[in-house]
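Numbering-wise (my numbering), the sequence shown opens with residue 1 and increments by one. Note that CB positions come from ideal geometry on N, CA and C, so glycine has one too. Notes for the one structure printed next.
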Amino acid sequence: MVSQVFTPFTLRGMTLRNRIVMSPMLMYRGQDDGMLNEHLYVHYAARALGGVAMIGTEVLAVEPRGRISARDLGLWSDDQARGLQRLVDFVQSCGVRIFAQLAHAGRKSHLAETAIGPSAIAYDDTLGPPSEATLADIREVIDKFRLAAMRAAAAGFDALEIHAANGYLLHEFLAPVANARSDRYGGSLENRMRLPLEVVEAVRSVWPDEKPLLYRICAADFGTNGVSEEDSDALALELASRGVDLIDVQAGNILPGFAGTVYPGYQTPYADRLRKVSGLPTATTGSIAAIDLAEEIVGSGRADLIFMGRTLLRDPFWPIRAAREAGAELELPIATYARATGPFERGF
Ligand SMILES: Cc1cc2nc3c(=O)[nH]c(=O)nc-3n(C[C@H](O)[C@H](O)[C@H](O)COP(=O)(O)O)c2cc1C
1 MVSQVFTPFT LRGMTLRNRI VMSPMLMYRG QDDGMLNEHL YVHYAARALG GVAMIGTEVL
61 AVEPRGRISA RDLGLWSDDQ ARGLQRLVDF VQSCGVRIFA QLAHAGRKSH LAETAIGPSA
121 IAYDDTLGPP SEATLADIRE VIDKFRLAAM RAAAAGFDAL EIHAANGYLL HEFLAPVANA
181 RSDRYGGSLE NRMRLPLEVV EAVRSVWPDE KPLLYRICAA DFGTNGVSEE DSDALALELA
241 SRGVDLIDVQ AGNILPGFAG TVYPGYQTPY ADRLRKVSGL PTATTGSIAA IDLAEEIVGS
301 GRADLIFMGR TLLRDPFWPI RAAREAGAEL ELPIATYARA TGPFERGF
């Protein structure tokens, strides 16, 4: 069987050498200034040497009150962008692409005194209710996403992802359970989609035309009065008409606990659905740890990219091994690795 996972994939002017992407994962290893440090540099660099086609950064907060924790990275200053540029240069020197994930934690910020949300409704008892965002706050959030996108372009990132899932600010605006506003940002679906779409428009207006824009969506919130399938179908169509190039599909998490069933590839049915509805390529995640499953997903057209999280935390070199299992050629980032990946001969 010819591998489908180890085939190139193009979005706008960016070509990936295979379909495996490191999914954004917050390491809680930064420092108060939101700057990249040596631990995180090495963490990402190791994955760049392991054979992935693209690396997604963990959440990069667009403003300090948008951090999940005090140890998040940020992209609200030019110094932070310069720090990240060093990583971008290294990753690209390995033939690997890298995207910045722009995020705002909203009511899920653990920095409780500054947290904002669509309404003063708590995510849980520990975090407590956020301040209800004023219209000035909303304008500021949109502008912070725009400025962060400009910094990501200056740092040389290949692509950008807007994080609008996992219970964070843009997901909260879409979900009635977190959004009880009665102004033009709450109520009807059109109103609940307004902030996410205004962020997309602001970001796309400054993000270079030749570079792809990804959107991490929540496909469904499972009977929690969160995002319904109808909501995310409608949103996906709006994203397609506003210059989003790929939808990265998540499900659940507007409230604590995941109400869906978990099994290898558990989020792929949502990626499949939104791919059909929107006509856009999709990425899927969710306990994908076997090359056969990845081949089935890509080969059957249920998703275009495999965003891999915990599998790559366990083993940064998983793609090199998986390529061998799939009988595919993978250009090694350091050619001498071939002496360890076989066919095995005497070392010395
Ligand atoms: C430690 C950890 C941190 C995560 N941080 C982020 C994050 O910063 N941004 C995000 O969009 N998703 C985050 N996620 C979700 C992952 O990107 C991914 O969607 C999820 O883990 C499912 O994929 P997997 O089963 O391959 O790990 C995180 C997941 C883990 C395990």
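Less than 9 Å between the C-beta atoms of residue i and residue j, yes or no?
i, j, result
"Glu325", "Ile297", "no"
"Val200", "Ile138", "no"
"Gly34", "Gly74", "yes"
"Ser23", "Gly252", "no"
"Asp231", "Leu174", "yes"
"Ala328", "Ser3", "yes"
"Ala103", "Ile142", "no"
"Gln80", "Leu60", "yes"
"Asn18", "Ala303", "no"
"Asn191", "Arg181", "yes"
Taking 8 Å as the line, does the beta carbon of residue i fall inside it for any heavy atom of ligand 1?
i, result
"His163", "yes"
"Glu296", "no"
"Val59", "yes"
"Pro24", "yes"
"Gln4", "no"
"Asn166", "yes"
"Ile291", "no"
"Phe307", "yes"
"Met27", "yes"
"Ser287", "yes"
"Leu36", "no"
"Arg216", "yes"
Measuring alpha carbon to alpha carbon, tell me which residue in the options is nearest residue i.
i, options, result
"Glu113", "His43, Gly30, Arg65, Leu239", "Arg65"
"Arg47", "Glu132, Asp315, Ala323", "Asp315"
"Leu197", "Ala236, Asp221, Tyr168", "Ala236"
"Glu58", "Leu313, Asn225, Arg321", "Leu313"
"Ile334", "Gln4, Ile306, Gln250, Phe90", "Phe90"
"Ile98", "Ser109, Met54, Ala155, Ser182", "Met54"
"Gly95", "Ser119, Gly50, Lys108, Gln80", "Gly50"
"Val277", "Ala240, Pro256, Leu195, Ser131", "Ala240"
"Leu11", "Ala154, Leu280, Gln31", "Leu280"
"Met14", "Arg71, Arg29, Gln80, Gly156", "Gly156"
"Val177", "Ile306, Arg339, Asp78, Leu255", "Leu255"
"Thr126", "His110, Asn225, Leu160, Tyr168", "His110"
Using 8 Å as the cut-off, classify the Cβ of residue i as near or not near the heavy atoms of ligand 3, replying yes or no.
i, result
"Ile320", "Looking at this structure, you won't find ligand 3 anywhere; what it does contain is ligand 1."
Using beta carbons (cut-off 9 Å, strictly below), is residue i in contact with chain D?
i, result
"Arg86", "Chain labels in this structure do not include chain D; a single protein chain is all it has."
Within the stretch 134-202, note down every full alpha helix (DSSP H) run reaching 4 residues or more, in order along the chain. Taken in chain order, the unbroken stretches of alpha helix (DSSP H) that lie wholly in the stretch 134-202 and span 4 residues or more are 135-155, 169-174.
Every unbroken beta strand (DSSP E) within the stretch 216-283, with a cutoff of 3 residues, ordered by chain: The DSSP assignment places complete beta strand (DSSP E) segments of no fewer than 3 residues inside the stretch 216-283 at 246-250, in order along the chain.
Could you tell me which whole beta strand (DSSP E) segments of length 3 or greater appear in the stretch 72-128? With a minimum length of 3 residues, the continuous beta strand (DSSP E) runs that stay inside the stretch 72-128 are 97-103.
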